[in-house]
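Here is the structure we will look at, set down as structure tokens.
2 protein chains.
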Amino acid sequence: MSVDWLKQLAAVLPPEGLVTDADVLEAHRRDQADWAPAGVARALVRPSTTAEVQAVLRVASAHRVPVVARGAGSGLSGGANAVEGCLILSLTRMNRILELDRKSLFAVVQPGVLNGALKMAAAEVGLWYAPDPASWEFSTLGGNLATNAGGLCCVKYGVTGDAVLGLEVVLADGSVVRTGGRTVKNVAGYDLTRLFVGSEGTLGIITEATLRLRPRPPKATTLVASFPTLVAAGAAVIDIVADTRPSLLELMDRATVRAVEAHMPLGLDVDAAALLLARSDAGGEQGVAECARMAAVCEAAGATFVIQSSDEAEGESLLAARRFAFLALEKQGTTLLDDVCVPVSRLAELLAAVEHIAAERRVIIGTFGHAGDGNMHPTLVFDRNDADEVARAQAAFDDILRAVLDLGGTITGEHGVGLLKRPFLARQLGAETTRLHHTLKAAMDPLGILNPGKLL
Amino acid sequence: MSVDWLKQLAAVLPPEGLVTDADVLEAHRRDQADWAPAGVARALVRPSTTAEVQAVLRVASAHRVPVVARGAGSGLSGGANAVEGCLILSLTRMNRILELDRKSLFAVVQPGVLNGALKMAAAEVGLWYAPDPASWEFSTLGGNLATNAGGLCCVKYGVTGDAVLGLEVVLADGSVVRTGGRTVKNVAGYDLTRLFVGSEGTLGIITEATLRLRPRPPKATTLVASFPTLVAAGAAVIDIVADTRPSLLELMDRATVRAVEAHMPLGLDVDAAALLLARSDAGGEQGVAECARMAAVCEAAGATFVIQSSDEAEGESLLAARRFAFLALEKQGTTLLDDVCVPVSRLAELLAAVEHIAAERRVIIGTFGHAGDGNMHPTLVFDRNDADEVARAQAAFDDILRAVLDLGGTITGEHGVGLLKRPFLARQLGAETTRLHHTLKAAMDPLGILNPGKLL
Chain L
1 MSVDWLKQLA AVLPPEGLVT DADVLEAHRR DQADWAPAGV ARALVRPSTT
51 AEVQAVLRVA SAHRVPVVAR GAGSGLSGGA NAVEGCLILS LTRMNRILEL
101 DRKSLFAVVQ PGVLNGALKM AAAEVGLWYA PDPASWEFST LGGNLATNAG
151 GLCCVKYGVT GDAVLGLEVV LADGSVVRTG GRTVKNVAGY DLTRLFVGSE
201 GTLGIITEAT LRLRPRPPKA TTLVASFPTL VAAGAAVIDI VADTRPSLLE
251 LMDRATVRAV EAHMPLGLDV DAAALLLARS DAGGEQGVAE CARMAAVCEA
301 AGATFVIQSS DEAEGESLLA ARRFAFLALE KQGTTLLDDV CVPVSRLAEL
351 LAAVEHIAAE RRVIIGTFGH AGDGNMHPTL VFDRNDADEV ARAQAAFDDI
401 LRAVLDLGGT ITGEHGVGLL KRPFLARQLG AETTRLHHTL KAAMDPLGIL
451 NPGKLL
Chain E
1 MSVDWLKQLA AVLPPEGLVT DADVLEAHRR DQADWAPAGV ARALVRPSTT
51 AEVQAVLRVA SAHRVPVVAR GAGSGLSGGA NAVEGCLILS LTRMNRILEL
101 DRKSLFAVVQ PGVLNGALKM AAAEVGLWYA PDPASWEFST LGGNLATNAG
151 GLCCVKYGVT GDAVLGLEVV LADGSVVRTG GRTVKNVAGY DLTRLFVGSE
201 GTLGIITEAT LRLRPRPPKA TTLVASFPTL VAAGAAVIDI VADTRPSLLE
251 LMDRATVRAV EAHMPLGLDV DAAALLLARS DAGGEQGVAE CARMAAVCEA
301 AGATFVIQSS DEAEGESLLA ARRFAFLALE KQGTTLLDDV CVPVSRLAEL
351 LAAVEHIAAE RRVIIGTFGH AGDGNMHPTL VFDRNDADEV ARAQAAFDDI
401 LRAVLDLGGT ITGEHGVGLL KRPFLARQLG AETTRLHHTL KAAMDPLGIL
451 NPGKLL
């Protein structure tokens, strides 16, 4: 049976498109979510055309073989982890920018194009592809679409889904649909584009995307402020987003600041409860003025130290602490990066809850993230060889998700459900909404071959 | 049978919630799309709670009665027109703003709240609800959501769907789902919010929405430019959106300008091929500078006349011509307002195609709309008592949609498919994507009672 479908795959793919070598399969077994389980795949396919993806899905449907799509494998929720006996469908060979329309401000790309490659191609014609997940240099646009990836620019420019005009998608049965189009407004039919974006490979395989480009924003003015309490920092965030339009608004808590300072001394205030980093890209005098308004808000909220710069190099060095945050925490042990989001007014409560959980469970948790969106990444640091510590970290992870739901938030803001958050999804959605998810999944993938056991 | 379900409805609704008076039914039979057919309804229900909507849908499901939801009836595609023997479900009594969170920047509203009422409530706490369809003073938010309504601000701030954080929706079987939430980022499960937004009452009845508010933008600087050719105007639009971030970018063609000038002499250039109106809300000096950049772009593209003002009253008077456009065309005969969208680089070709069709079919067509989004409203003017003229107008309407598809555009940018565009939808979507629409519709409304015959 197994030999049978492998033979059929070999018949529809070029030799380099089908791999069964155990070492290669092992290398494609996981994404970056260490905590999540992974099965052993039976084969890896690497199609280079939509027609090949269709052929693969027809074989998979005929034999009911689970199909797990993946890009660069930089996901953080286990969404791309192999399912036992599955076919891994790597889209990295479909890596061409098919079109870049500088007049209508869109690009047509294949899913294996790196986010950074599109940014670069857009910059070459004076344009900008906004979405900027931390992984932008090595993650693929297909992966960004499958997870509806966020980033630092979202507070002003939205998430990946906000940059998508249309998609080409291969369904489980091998048929091809095209959603959306090339226009920025379009209400012809249901919004299938957004249904596929963020569906983590469970509803179809994205084989092409039409993505929106923008004019490059003016040079940014950068601000760093240091707060004696989480409540003060939270109040500053509320007042900044209610009054200005920051192009970046990030926060690091004390544990994160200390980890960064230990990793690379930057002269940060290690006694501050939180550090806030903000930018305005309003441009020229307006950018300086907007940043000054944010600075005034920070001071009114009780900031002990505020610094502002319109110099590009200086601005980058002010952001360096934030860019090192995760790396610095990783230096202290095994990390489990969480991803939660609350209404902005509940941010201080979220941070306090995480501090409380860290103390109670005796786990180091450094929290940083996109404060302007209420989207934070509490990062648990522990010794993976200490079973008791692992158990306490797991308990703390669960505690955080419970706290987030109590605060009216969501269990994932930008990393996705994958395997890590799956046990919590139904709790957030409730029975009726979960049932509707299953109804849609069953309608679109009746054999259940697309990334089974993920998300739902 | 009919008496049976009416009795059951009477049992679950208060007396004022159920109406069978023929005059009242007649008044609720249509939206604003004169061209579209309308059936005769059997009854009108006016629920005031989600529980009542559920009860109504349970009765409708049990007896397979078609249900047509409506708000203010200001739709432009026939989407809210009665279906023969249907139940009209008016949501105008569910008109409360349930919550307005000025710290987390969202409002929770019932579907019958007027767009203008939310704008006003937001303004009272210093905030802004961005979406601004032309009907904002009298259309309901539920209707805006059902059609994913656009407006003038979209070019910078997006469409209605971009302002939605979460929904409460009653499904055909009377069950209630909640989608999204209260956070600006959320990837927990499928994006069901966007699936319901723009689905024109065919997938569920929206009974509550959590809508995003924003800080009020700074005062705008306004620009008007006059162009000798459509190609020059189109080139200016391309260069403006590639270089700046206008908060409004509208266009009126010669036929529209002449209609406005005939209706109300404003001193407009009636020989110009097109008039462009633009705004920057970057604020202060930056707004003036951004508007000056747009003015320079217009001049470089060949504008014969450019005027700019940062005075609020003067800015409004510069926009007056655009605000009178549809009214002025309506004074000239029966109008059929079309709504199409093309990639911005194809705008001049679209306008030329419409002029060509108008000449060939001997129909007056005034075209105006949201140039920055490529979303235009060719408006056919004819004598509805002249059968030959009506036939030529119908032919011109069809010609325009064909031209738009040839230009890589969409048959509707912001008004919806409803009944008017239904014959063209499958042509735009193609067979496979149309089939997926039917699959989803059948999965979510298996009895087909929700607004049957609309959209699909």
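Each protein sequence line maps, in turn, to chains L and E.
Under full-length UniProt numbering, think of the first position of the first sequence as 1, with each following residue one higher.
Under full-length UniProt numbering, think of the first position of the second sequence as 1, with each following residue one higher.
For every residue, glycine included, the Cβ atom is placed at its ideal position computed from N, Cα and C.
Fair warning: this is a prediction, and the values are worked out from it, not measured in the lab.
Query	Result
is_contact[Ala289 (chain L), chain E] using C-beta, thresh 8 angstroms	yes
Start-to-end residues for the alpha helix (DSSP H) that takes in Phe424 (chain L)	Arg422 to Leu429
Reduced DSSP category for Val65 (chain E) - H, G, I as helix; E, B as strand; rest coil	coil
Cutoff 8 angstroms: Lys219 (chain L) Cβ touching any chain E Cβ	no
Cα-Cα separation between Lys441 (chain L) and Ser104 (chain L), rounded to whole angstroms	34 angstroms
Any C-beta of chain L under 8 angstroms from that of Lys156 (chain E)	no
Chain E within 8 angstroms of Asp388 (chain L), Cβ atoms only	no
Exposure label - Thr92 (chain E); buried when at least 16 CB within 10 Å	buried
Presumed contact (8 angstroms Cβ cut-off) between Ala188 (chain E) and Gln394 (chain L), rounded CB distance	Wrong, their Cβ atoms sit about 20 angstroms apart, outside the cutoff.
Distance cut-off 7 angstroms: Asn375 (chain E) Cβ against heavy atoms of the ligand SAH	Absent from the structure shown: the ligand SAH. Ligands present: none.
Alpha carbon of Gly174 (chain E) to alpha carbon of Ala51 (chain E), nearest angstrom	9 angstroms
Spatial neighbours of Ala358 (chain L) in its chain, beta-carbon cut-off 6 angstroms, leaving aside the 5 residues before and after	Ile365
Proximity to Gly78 (chain E) [Cα-Cα], best of E:Gly39, E:Arg64 and E:Thr49	E:Gly39
Minimum length 3: unbroken beta strand (DSSP E) runs contained in the region 8-77 of chain E	43-45 and 67-70
Secondary structure of Glu84 (chain L), DSSP reduced to three states	coil
Ranges of the beta strand (DSSP E) found wholly within the region 315-362 of chain E, counting only runs of at least 3	334-337
Reference Thr183 (chain E), options E:Leu171, E:Glu124, E:Asn144 and E:Phe106, closest by Cα	E:Phe106
Three-state secondary structure (DSSP) of Gly180 (chain E)	strand
Stretch-stretch touch, CB-based, cutoff 8 angstroms, three pairs: the region 363-383 of chain E with the region 327-347 of chain E	yes
Under 7 angstroms (Cβ pairs) to chain E, residues found in the region 275-288 of chain L	Ala282, Gly283, Gly284, Glu285 and Gln286
Proximity winner among E:Pro423, E:Ala387, E:Gly284 and E:Asn186, relative to Gly416 (chain L) (alpha-carbon distances)	E:Asn186
Chain E contact residues for Ser175 (chain L), given Cβ-Cβ distances below 7 angstroms	Glu432
Nonlocal neighbours in the same chain, by C-beta distance under 6 angstroms from Ala282 (chain E), ignoring five residues either side	Glu290
Beta-carbon proximity of Leu89 (chain L) to Val56 (chain L), cut-off 8 angstroms	yes
Distance CB(Val224 (chain E))-CB(Leu171 (chain E)) smaller than 8 angstroms	no
Close beta carbons around Asn95 (chain E), own chain, < 7 angstroms, minus the five adjacent residues each side	Gln110, Gly112 and Val113
Strand pairing of Asn375 (chain E), partner residues [DSSP]	E:Cys341 and E:His370
Length of the line joining the Cα atoms of residue 461 (chain E) and His63 (chain E)	Because chain E here runs from 1 to 456, residue 461 (chain E) falls outside it and cannot be looked at.
Minimum Cβ-Cβ distance from Lys103 (chain L) to chain E less than 8 angstroms	yes
Cβ neighbour criterion (16 or more within 10 Å) applied to Met1 (chain L)	Confidence in Met1 (chain L) is poor, its pLDDT being 49 and thus under 50, which makes the residue's placement unreliable; the coordinate value appears in the next sentence. Exposed.
Straight-line gap, Ala149 (chain L) to Val354 (chain E) (C-alpha atoms, nearest Å)	40 angstroms
Neighbour-count burial assignment, His377 (chain L), 16 or more Cβ in a 10 Å radius	buried
Where Pro215 (chain L) meets chain E, residues with beta-carbon distance less than 9 angstroms	Val241, Ala242, Asp243, Thr244 and Arg245
Within-8 angstroms CB hit, Gly416 (chain L) to chain E	yes
Test: Ala36 (chain L) CB closer than 8 angstroms to a CB of chain E	no
Cβ pair Thr367 (chain L), Thr256 (chain L) closer than 8 angstroms	yes
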